[in-house]
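Worksheet: the structure to be examined is printed underneath.
Residue numbers (the working numbering): 41 to 466.
Laid out in structure tokens, this is it:
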């Protein structure tokens, strides 16, 4: 009898394992007798797959000495089946005794379905109990401070609302101005945002989420500037209604919407910059990039910006208003066009001339010309009326006749008297 130890130390294909075992036995046994000696090793191409044997010694008998019954160690029914390290419901199964860990299954084979044993169920319950204990240990020192934070935030918000309500009842309603109403509304929004953000920030800090708490604080800073910008816009609108309408300040309803939008945008931009700084983001490159972009845009839209700036100057300086009759005089050529102003915009001004035509003049060109405002000049104005006479006419007599004709027109005053000036020969 010849003994051979076959060990499965590496994971190979089951067909290759059977071929290697047959090759190891073939020199020791003839072809006719060797087939009977290996009857316990089935051909994987014709039968069910047989797993690679772990470290199990077995005997292979020589020809002529085959026992009547196969050896128990060679019986396929008693060979230990595959056992893999499987994860069942979060618990790693312990391999059986005598089975090598880590041996891989043949290609295409599935892991055997093994019902959970009592040991596995007991291990699962122990694991769940351990997780519950860890969760309770983590939450126990934190739930009470969390409740206190929520209660304090809600109490502060309710008390502040009560105080604002009484102030609005006893003080705000007795005044005619709308500024105090706007202030109360801003305070309510700010209190709601502040109390909510403070509660969330403290809860995240208690539950060991420092990074999230920093983000919440930065977002709160940025969001808080939105109601502030709205308050500034409403404040400017109230100033327009209650202050500007009673005075002769140039900041009228034409200029105030533009200033309102610019200030609101500046407030929101300030909030975003502060939020980014709170997160540790370097805003210097952003500001530098914004400056470069602004320079490029200013160069590209030079004419448009010049018209806008000229429009702002017209609104602030107020050389004329809507409804005034003006004349745009060109000094070198001593010519001009006149009409009634119907609209003053940021880019251009619209004038209706005596022919009922609307002339659109860019503000930058308007600022370069002499503006004659007949409406602001008072009730008395001087008119220039050109006349032509023949060369052989008496100039002095022509002047006297023109003065007499002008004095005979209704509405022409004799003090100062009309004047006739001979300018050139045509």
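Just so it is clear, CB atoms sit at the ideal spot from N, CA and C, and this is done for glycine as well. Please read these numbers as outputs of a predicted model, since none were measured by experiment.
Through-space distance from residue j to residue i, alpha-carbon basis
i	j	result
residue 229	residue 209	18 Å
residue 431	residue 415	38 Å
residue 426	residue 368	18 Å
residue 343	residue 350	10 Å
residue 299	residue 276	9 Å
residue 354	residue 267	32 Å
residue 399	residue 256	55 Å
residue 297	residue 356	13 Å
residue 321	residue 265	19 Å
residue 180	residue 169	16 Å
residue 127	residue 162	Residue placement at residue 127 cannot be trusted, given a pLDDT of 42 that sits under 50; the coordinates are not used to answer.
residue 237	residue 195	14 Å
residue 323	residue 310	12 Å
residue 333	residue 382	36 Å
residue 281	residue 352	20 Å
residue 315	residue 406	44 Å
residue 301	residue 329	23 Å
residue 395	residue 417	23 Å
residue 177	residue 185	15 Å
residue 445	residue 437	12 Å
residue 441	residue 433	12 Å
residue 464	residue 331	57 Å
residue 174	residue 325	46 Å
Nearest to residue i (by Cα), restricted to the options the options
i	options	result
residue 303	274, 323, 326, 182	274
residue 190	171, 170, 241	241
residue 239	200, 193, 423, 359	193
residue 360	403, 443, 204	403
residue 235	262, 205, 198, 203	198
residue 457	463, 439, 465	439
residue 187	223, 243, 175	243
residue 317	395, 464, 254	254
residue 462	451, 424, 452	424
residue 203	436, 341, 224	224
residue 420	429, 331, 436, 451	451
Close beta carbons around residue i, own chain, < 7 Å, minus the five adjacent residues each side
i	result
residue 269	304, 307, 308
residue 411	359, 360, 366, 368
residue 312	262
residue 435	462
residue 171	none
Rounded Cβ spacing between residue i and residue j (contact assumed at less than 8 Å)
i	j	result
residue 413	residue 380	Incorrect: roughly 11 Å between the Cβ atoms, too far for contact.
residue 443	residue 460	6 Å
residue 233	residue 260	7 Å
residue 246	residue 167	Rounded, the Cβ-Cβ distance is 28 Å, inconsistent with contact.
residue 164	residue 200	Wrong, their Cβ atoms sit about 52 Å apart, outside the cutoff.
residue 370	residue 422	The pair is not a contact, with the Cβ atoms about 19 Å apart (cut-off 8 Å).
residue 384	residue 362	6 Å
Beta-carbon proximity list for residue i, same chain, < 8 Å, skipping 5 on both sides
i	result
residue 454	447
residue 347	386, 387, 388, 402, 403, 404
residue 319	254, 255, 258
residue 222	271, 274, 275, 278
residue 397	none
residue 27	Residue coverage of the chain in this structure runs from 41 to 466, which leaves residue 27 outside it and unanswerable.
residue 345	338
residue 341	none
Heavy atom of the ligand COA within 6 Å of residue i beta-carbon
i	result
residue 420	The model on display carries no ligand, and the ligand COA is accordingly not part of it.
Cβ neighbours of residue i in the same chain (closer than 6 Å, five flanking residues each side left out)
i	result
residue 206	none
residue 335	none
residue 327	none
Residue(s) in a DSSP beta bridge with residue i
i	result
residue 312	None; residue 312 has no bridge partner.
residue 383	390
residue 366	379, 413
residue 398	392
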